[in-house]
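Okay, structure first, notes after.
2 protein chains.
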Amino acid sequence: MENRITRKEENFSQWYIDVILKAKLADYAPVKGCMVIRPNGYILWENIQKNLDRMFKESGHVNAYFPLLIPESFIQKESEHMEGFSPECAVVTYGGGKKLKEPLIVRPTSETMIWSMYARWITSYRDLPLLINQWCNIVRWELRPRLFLRTSEFLWQEGHTAHETYEEADKEALKMLGIYKKFVEEYMAIPVYKGQKSDSERFAGALQTYTIEALMQDGKALQAGTSHNLGQNFARAFNVKFATREGGEDYVWATSWGVSTRLIGALIMAHGDNKGIIIPPKLASLIAVIIPIYYSAKERSRVLSYIQSLYLNLKNDFNVKIDDREEYRPSYKFNEWELQGIPLRIEVGPKDVEKKQAILVRRDTGKKIILPFNEVSLRFSTLLNEIQKNLFEKAKRFKEENTFKVDNLDDFQKVIDDKGGFIYAHWCGSPECEAKIKSLTKATIRCIPFHNEKEEGKCIYCGGKSSQRVLFAKAY
Amino acid sequence: MENRITRKEENFSQWYIDVILKAKLADYAPVKGCMVIRPNGYILWENIQKNLDRMFKESGHVNAYFPLLIPESFIQKESEHMEGFSPECAVVTYGGGKKLKEPLIVRPTSETMIWSMYARWITSYRDLPLLINQWCNIVRWELRPRLFLRTSEFLWQEGHTAHETYEEADKEALKMLGIYKKFVEEYMAIPVYKGQKSDSERFAGALQTYTIEALMQDGKALQAGTSHNLGQNFARAFNVKFATREGGEDYVWATSWGVSTRLIGALIMAHGDNKGIIIPPKLASLIAVIIPIYYSAKERSRVLSYIQSLYLNLKNDFNVKIDDREEYRPSYKFNEWELQGIPLRIEVGPKDVEKKQAILVRRDTGKKIILPFNEVSLRFSTLLNEIQKNLFEKAKRFKEENTFKVDNLDDFQKVIDDKGGFIYAHWCGSPECEAKIKSLTKATIRCIPFHNEKEEGKCIYCGGKSSQRVLFAKAY
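Top to bottom, those sequences are chains A and B. With this note's numbering, letter number 141 in the first sequence gets 141, and the count goes up by one each step, no holes. With the second sequence counted from 1, adding 1000 to any position gets you this note's numbering.
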């Protein structure tokens, strides 16, 4: 295996691709714009799913499955919503050997399909709230694909809920954003800004779009999850009315929310280094690899039997693996497991057997820790917590050090070009200024942070009155 | 809610549909041939997935994800394999707003896509065995759809493995069939016959197809899972060669294996009764529902507080729910939870509070068991095991009582028409006799059972020499 990867300081984009291909996280598919998620990448998605799914269920949500193929007329029905998608659609025109009377769209998102069903299922306030989530694949035609970040097909979850009131829907959208933030920060160890989108960055058809925004090591932002208060737009389009508690009738209030396999891209770019990816322990399936070091057959058997007892001490509580492949040297194995981001490596050589100890090497810092045999299993959890915490703290420091208060357009341009990062600047609220700033600097408004400090200032573009700063960045 | 369902003795097909719709397991989608799997149905699929996935992983398999859309040329490449599918294909002809140069087929199965990737990943025996599974959606155009059993889109898992030798591949295919049998019998409580398919019933492109066959209550068989020894056919089509241990070069040996959401259809038809579905405890998410019975406000508060302690006694070990909805009467709730197949109902009225007891009602038998308060949690596991066992034993008896040894075509026809079930009869081995029997009786060879007794006899169709009996049935 050729493990050489481009240095990230040299070419971050190439580093990203190299890491993914060499760590066998994904591969290019023979269909333009599509990827194959290989087992090393898919296990990350499984761990993301497992934890988020538990959090969704604990907050009262249930899963269901809706069809992949959506009648074209549905998508025209909610034209405001779909306008942004149509060039992104994959269209099925033949089925059962015949040309179809009505083309079917491979789902780019499922609001229309789901609300056409909600029209049948909801008649009264007793049917509300309806809190349904779906894990599935999505197709949006992509002309400039990028593994995990933009591919013509990706995996995601989409929550679609129905409520009695605007307030309840808004509360739900905010609750789910809170769950995303908790998951991304506590499990993925990626700190985020939480806020709402400007009108032009909002999901078409939503009254409000809420977002969490993370910072990648190249200074670009990545939208890690969004939730939408959809108002009554879909209920109107699909005529979903309910009998209210008060004996009247009203359209149902909706939310939707989603995260996708692009989170894996975020994980790679938030924590990875020139050795490969780094998986936070709480998202890792394999926690540690034990690697024997020996130079003779006699040493080999001593080291392997020592390792076996170490393994038995750990295996009930942790997913640990012995790498005793004989065809590879220890240094090769070190590189391979570092490339794959496994949180801990345990090295055991003849000297360690003699001294009844083991050498633990942290993937995040590379620091070696020598521990007596009996202390390895005792210290394991603490060590994993330290790694988890360190990854988060490091990323948090990076985010803070790369969030810049800027007060004029020149500085804005300079910071964006030289350093990247988030720019916290005044904006008058007009879509025109937002568009001009975007075309000049390629930076967009990532969010208007929640609990934002009110501060009088001048729009960095037009100089008009502004009551608050917002977060700009170039983004993935 | 209108709970009336057609009696299964009256019209089994209609009973099946009624049960699915009333128990909210699935609904018809607005796209012809497709279904929506509603939360009550999807949780069954999640429990099937969870248990099978654990069994797959324990036997060394890993998950991955391959693209939904397959270039048409791939499918032509393996023409022997795909011949059976082409009229079943949904074809994408537009993408990104343009007509595509090469149409893309929505995957009807993923052998071709996966083997095109294996061609890149496998070069040496060191890369083998490769044991990959995928959970995904599949589209096969269906003109006569039937909820869960035949829909244009369904969910499944497909395992695709690569091996050094024929023997190893065959062992894998048999191992996976064993896992399917274990799962279907131990978790779903459905007994099956295990065997291999005749040449004409074999998966196109396979050297051997192995199958487990279950019997539904209307006397029709249902293929519950299959595994295939694919030989070197896909390796040849996609030119997947590997350097052998001996320094030579050979095509890789393949297997594939799958089960789908049709297992939910099997569950319904194997155990359901005129009250609704019956979920075996090992596949149930919700294990028991506690229903309070009272006639006055005073009774209500006493019953509810008693129930609360009962609930607290159970909830750590079992997923139990209190149904204290005030807008519905107890009898309504009894019907609803019976319809949904929840294994146990716990009734508590004022008298039970007085006597410090509770009434447990088994879904499988309807039998009431009165237990002192303190014994409820103690007896719970035993009771669930008894239900699980009883469901299996009952289905097994049914299968055995409906497997008939038959020695001539007249009896064959009579049994098939009057009773249905499996017919264990002699067959000479010729595809012509098999086809004639099928066209006369609509029964097909479900399998040639493993460890079949050798017995001299005469083919029931042509009277030619036969060395063993095979299992015929009409099938879903």
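Heads up, the beta-carbon is just placed ideally off N, CA and C, and yes, glycines get one too.
- For Pro39 of chain A, the three-state secondary structure derived from DSSP is helix.
- Here the stretch 226 to 237 of chain A makes no contact with the stretch 137 to 153 of chain A; the two share fewer than three CB pairs at distances below 8 angstroms.
- Nearest CB-CB separation between Ser1116 of chain B and chain A: below the 8 angstroms threshold.
- Under DSSP, Asn1274 of chain B shares a beta bridge with no residue.
- Cβ neighbours of Tyr1306 of chain B within its own chain (closer than 7 angstroms, five residues either side excluded): Val1348 and Val1353.
- Residue contact check for Ala1090 of chain B against chain A: a CB pair falls below 8 angstroms.
- Under the DSSP assignment, Asn137 of chain A falls outside any alpha helix (DSSP H), being part of the beta strand (DSSP E) whose first and last residues are Leu130 to Val139.
- In the DSSP assignment, the residues bridged to Phe242 of chain A are A:Asp250.
- Ranking B:Pro1067, B:Leu1312, B:Arg1446 and B:Tyr1328 by CA distance to the CA of Tyr1295 of chain B puts B:Tyr1328 first.
- Around Val1240 of chain B, no beta-carbon contact reaches into chain A at under 7 angstroms, the shortest distance being about 14 angstroms.
- Boundaries around Gln1357 of chain B are those of the beta strand (DSSP E), Gln1357 to Arg1362, since no alpha helix (DSSP H) includes it.
- Under the DSSP assignment, Cys433 of chain A falls in the alpha helix (DSSP H) whose first and last residues are Pro431 to Thr441.
- Of the candidates B:Ala1237, B:Cys1089 and B:Gly1258, B:Gly1258 places its Cα closest to the Cα of Ala1173 of chain B.
- Assignment of Asn1316 of chain B by DSSP, reduced to helix, strand and coil, places it in the coil class.
- Taking 8 angstroms as the CB threshold, Arg38 of chain A lines the interface with chain B.
- Under the Cβ distance rule, Pro145 of chain A does not count among the residues neighbouring chain B, no pair being separated by less than 8 angstroms.
- Secondary structure of Glu158 of chain A (DSSP, three-state): strand.
- Residue environment analysis places Ala64 of chain A among the buried positions, since at least 16 neighbouring C-beta atoms fall within 10 angstroms of its C-beta.
- In the structure shown, the three-state DSSP call for Ser227 of chain A is strand.
- Residue state for Ala235 of chain A is assigned as helix, using DSSP reduced to three classes.
- In chain B, no part has a C-beta under 9 angstroms from the C-beta of Gly265 of chain A; the shortest such distance is about 15 angstroms.
- For a Cβ distance threshold of 9 angstroms, residue set Pro67, Ile70, Pro71, Phe74, Met113, Ser116 and Met117 of chain A lies close to Pro1030 of chain B, ordered along the chain.
- Non-local beta-carbon contacts of Glu168 of chain A in its own chain, meaning distances under 8 angstroms to residues more than five positions away in sequence, involve Pro129 and Trp253 in chain order.
- Taking the Cβ atoms as the reference, Ile70 of chain A lies roughly 5 angstroms from Met113 of chain A, within the contact range of under 8 angstroms.
- Trp257 of chain A has A:Gly159 and A:Ser227 as its beta-bridge partners, per DSSP.
- For His1451 of chain B, the closest C-alpha among the options B:Lys1194, B:Asn1011 and B:Ile1005 is that of B:Lys1194.
- Annotated three-state conformation of Gln208 of chain A is strand, per DSSP.
- Asn11 of chain A and Phe1242 of chain B have their C-alpha atoms spaced approximately 35 angstroms apart.
- Looking at the DSSP output, Pro1071 of chain B sits in a beta bridge with B:Leu1104.
- Here Ser1466 of chain B is buried: its Cβ has 16 or more other Cβ atoms, across all protein chains shown, within 10 Å.
- Looking at the DSSP output, Thr444 of chain A bridges to A:Ala473.
- Residues of the same chain with a CB within less than 7 angstroms of the CB of Glu1088 of chain B, apart from the 5 flanking positions on each side, are Pro1108, Arg1140 and Trp1141 in chain order.
- Under the 10 Å beta carbon count, Ala1435 of chain B is surrounded by fewer than 16 other beta carbons and is classified as exposed.
- Spatial neighbours of Ser86 of chain A in its own chain (CB-CB distance under 8 angstroms, excluding positions within 5 residues in sequence) are listed in chain order as Ile75.
- Chain-ordered listing is empty here: chain B has no CB closer than 7 angstroms to the CB of Cys462 of chain A, the nearest sitting near 35 angstroms.
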